[in-house]
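Beneath this line is the structure, given in structure tokens, with notes to follow.
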Amino acid sequence: ETGVTQTPRHLVMGMTNKKSLKCEQHLGHNAMYWYKQSAKKPLELMFVYSLEERVENNSVPSRFSPECPNSSHLFLHLHTLQPEDSALYLCASRERLAGDPYEQYFGPGTRLTVT
Amino acid sequence: DAKTTQPPSMDCAEGRAANLPCNHSTISGNEYVYWYRQIHSQGPQYIIHGLKNNETNEMASLIITEDRKSSTLILPHATLRDTAVYYCIVRVDGTYKYIFGTGTRLKVLA
């Protein structure tokens, strides 16, 4: 256990559905991240939050909408997704955004399948 | 635009040391090297980090060359459970971003 939890662990949704992924960290960290990992591809950074403020939106389509209500929780709201959005979505947290050395702690991921 | 270069795959016999190399020739003087691993379909797991000196923890050892242009992660006695993709990453200059490349797929053989 890394102290970062993600729910649900698996999600199957149709292209017209709306769903949300949830991430919670119990480490007292100030920075949280969403990554996407498609099959046999490296992790792609999607969003970064620091102290509940979004500091990075890495050219992600608007059908992905992040929300960070407090420093312990991070959501990824999904709507009208495409089959190519099927991937493993990973949440991570870090003690603070800038500086070293602070490692990232990752959750187990949500395996998303868009049908 | 990954800043590190790793071999795509390696095999290691169970019980033997696994030595995973990484080139980071453009690393800046104050940038740390981090190593993570990802077991199939799970979240990446932090292993170790270093700046200049060699480091050791309960999981692995990290050897960094004197010029800091390369490093080697050593798993002293590899087990089947060490089969995973290993990532060597450094922070992108002046940012908080860590670029995960394609890593090294280590297969530990019985």
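Read top to bottom, the protein sequences are chains A and B. Residues in the first sequence are numbered from 1 upward in steps of one, following my numbering. Residues in the second sequence are numbered from 1001 upward in steps of one, following my numbering. The C-beta atom is built at its ideal place from N, Cα and C for all residues, glycine as well.
Determine, for residue i, whether the minimum Cβ-Cβ distance to residues of chain B falls below 9 Å.
i         : result
Asp100(A) : yes
Glu56(A)  : yes
Thr113(A) : no
Leu90(A)  : yes
Thr2(A)   : yes
Ala31(A)  : yes
Leu97(A)  : yes
Residues of chain A with a CB under 9 Å from the CB of residue i: which are they?
i          : result
Pro1102(B) : It should be pointed out that residue 1102(B) corresponds to Thr in this sequence rather than to Pro. Result: Lys40, Lys41 and Pro42.
Tyr1086(B) : Chain A residues near Tyr1086(B): none, gap ~13 Å exceeds 9 Å.
Arg1091(B) : Asp100
Name the chain B residues that come within less than 9 Å of residue i, Cβ to Cβ?
i         : result
Leu74(A)  : Ordered by position in chain B, no residue passes the 9 Å Cβ test against Leu74(A), which lies about 14 Å from the chain.
Phe106(A) : Tyr1036, Gln1038, Gln1042, Gly1043, Pro1044, Gln1045 and Tyr1046
Val48(A)  : Tyr1096 and Lys1097
Are any of the Cβ atoms in chain A nearer than 9 Å to that of residue i?
i          : result
Lys1107(B) : no
His1077(B) : no
Asn1019(B) : no
Asn1030(B) : yes
His1049(B) : yes
Anything in chain B within Cβ reach of residue i, meaning under 8 Å, just list it in chain order.
i         : result
Gly109(A) : Ser1041, Gln1042 and Gly1043
Below 8 Å, is the gap between the Cβ of residue i and the nearest heavy atom of the ligand SAH?
i          : result
Glu1014(B) : Looking for the ligand SAH in the displayed structure turns up nothing, as the structure carries no ligands at all.
List the residues of chain A whose Cβ lies closer than 7 Å to the Cβ of residue i, in chain order.
i          : result
Tyr1034(B) : Glu103
Lys1097(B) : Leu45
Please return the same chain residues whose Cβ sits closer than 7 Å to the Cβ of residue i, not counting the five positions on each side in sequence.
i        : result
Ser86(A) : Leu112, Thr113 and Val114
Leaving aside the five residues before and after residue i along the sequence, list all residues of the same chain whose C-beta is less than 6 Å from its C-beta, in chain order.
i          : result
Val12(A)   : Thr113
Ser38(A)   : Ala87
Val60(A)   : Met46
Asn1030(B) : none
Ile1063(B) : Asn1054 and Thr1072
Buried or exposed: where does residue i fall if 16 or more other Cβ atoms within 10 Å of its Cβ makes it buried?
i          : result
Met15(A)   : exposed
Arg1091(B) : buried
Glu103(A)  : buried
Leu1080(B) : exposed
Thr7(A)    : exposed
Leu88(A)   : buried
Leu78(A)   : buried
Pro1044(B) : buried
Leu27(A)   : exposed
Thr1104(B) : buried
Pro1076(B) : exposed
Asp1082(B) : buried
Arg54(A)   : exposed
Arg94(A)   : buried
By Cβ distance, which residues of its chain are closer than 8 Å to residue i, with the 5 residues on each side in sequence left out?
i          : result
Ser20(A)   : Phe75, Leu76, His77 and Leu78
Lys1097(B) : Arg1091
Ala1017(B) : Ile1074, Leu1075, Pro1076, His1077 and Ala1078
Glu44(A)   : Tyr35, Lys36, Gln37, Ser38 and Asn58
Would you mind telling me which residues of chain B sit closer than 7 Å to residue i, beta carbon to beta carbon, in chain order?
i        : result
Leu21(A) : The premise fails here: Leu21(A) is roughly 13 Å from chain B at the closest Cβ pair, so nothing lies under 7 Å.
**Prompt:** Is there contact here, the stretch 1030 to 1049 of chain B with the stretch 1074 to 1093 of chain B, by at least three beta-carbon pairs under 8 Å?
**Reply:** yes
**Prompt:** Are three or more beta carbon pairs between the stretch 1003 to 1017 of chain B and the stretch 66 to 78 of chain A nearer than 8 Å?
**Reply:** no
For the stretch 1056 to 1073 of chain B and the stretch 107 to 115 of chain A, state whether three or more C-beta atom pairs, one from each stretch, are separated by less than 8 Å.
no
(request) Could you tell me whether the stretch 26 to 34 of chain A touches the stretch 1008 to 1021 of chain B, using the rule of 3 or more Cβ pairs below 8 Å? (result) no
query: Is it true that the stretch 1066 to 1085 of chain B meets the stretch 1017 to 1034 of chain B, where meeting means three or more beta-carbon pairs spaced less than 8 Å apart?
result: yes
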